[in-house]
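Here the structure is laid out as structure tokens; the discussion comes afterwards.
Numbering (our numbering), first residue to last: 95 to 272.
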């Protein structure tokens, strides 16, 4: 049995193309949300990586006697592996020693610092935002003075006692003993 077409079987003339207009209006909002999710994912990865870099800086600092240059080289090696970063610069990284053996000896009143004094390190990273227009969506972002790209300030701290680590000289001296 054949059906007869009626005059009103299609959409009315005044509503044709309404789906395309709605899609055009909703697409930028959807894309902005997708970009925001990607940027938040990259920021989460960067914070985890920065936490590991702070641990590694404290470890290198305990081995090398809180040498800032050694710690900055170690942190730079770790943070250079960040996903999506095209321009890497050491100027984006700042290392701060919060507490050292000297400060510990001043607090305890002893003339010689304790071998178990903690080394507390804080690493600051001006993480450049990867996703375009993410700075417009993030209230914490600021223009980086180094590359002109928007960046977010991230920081991580780590404390490590210096008693568990021995320098190469101490290890060699122990191995030479009969």
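For every residue, glycine included, the Cβ atom is placed at its ideal position computed from N, Cα and C.
For residue 118 and residue 225, the gap between their C-alpha atoms comes out near 21 angstroms. Judged by DSSP in its simplified three-state form, residue 165 adopts helix. Here the segment 127-138 makes no contact with the segment 154-162; the two share fewer than three CB pairs at distances below 8 angstroms.
Residue range 112-157 is occupied by the alpha helix (DSSP H) that includes residue 147. In the three-state reduction of the DSSP assignment, residue 192 falls in the strand class, which pools E and B. For residue 250, the enclosing beta strand (DSSP E) begins and ends at 244-255.
When C-alpha distances from residue 251 are compared across 111, 130, 222 and 190, the shortest belongs to 190. Residue 214 and residue 172 have their C-alpha atoms spaced approximately 19 angstroms apart. Counted as a single uninterrupted DSSP element, the beta strand (DSSP E) harbouring residue 218 occupies residues 212-222. Residue environment: residue 192 is assigned as exposed (fewer than 16 neighbouring CB atoms within 10 Å of its CB, all protein chains considered). Annotated as distal: residue 223 and residue 144, with beta-carbon spacing of 8 angstroms or more. Residues of the same chain with a CB within less than 6 angstroms of the CB of residue 147, apart from the 5 flanking positions on each side, are 169, 172, 173 and 217 in chain order. Cβ-Cβ distances below 7 angstroms link residue 164 to 154 and 158 in the same chain, with the five nearest sequence neighbours on each side left out; the list follows chain order. When beta bridges are read from the DSSP output, residue 187 appears opposite 219. Residue 124 and residue 161 have their alpha carbons spaced roughly 48 angstroms apart. The residue among 176, 221 and 142 with its C-alpha nearest the C-alpha of residue 187 is 221. Between residue 152 and residue 254 a beta carbon distance of about 4 angstroms is seen, short of the 8 angstroms cut, so the two are scored as contacting.
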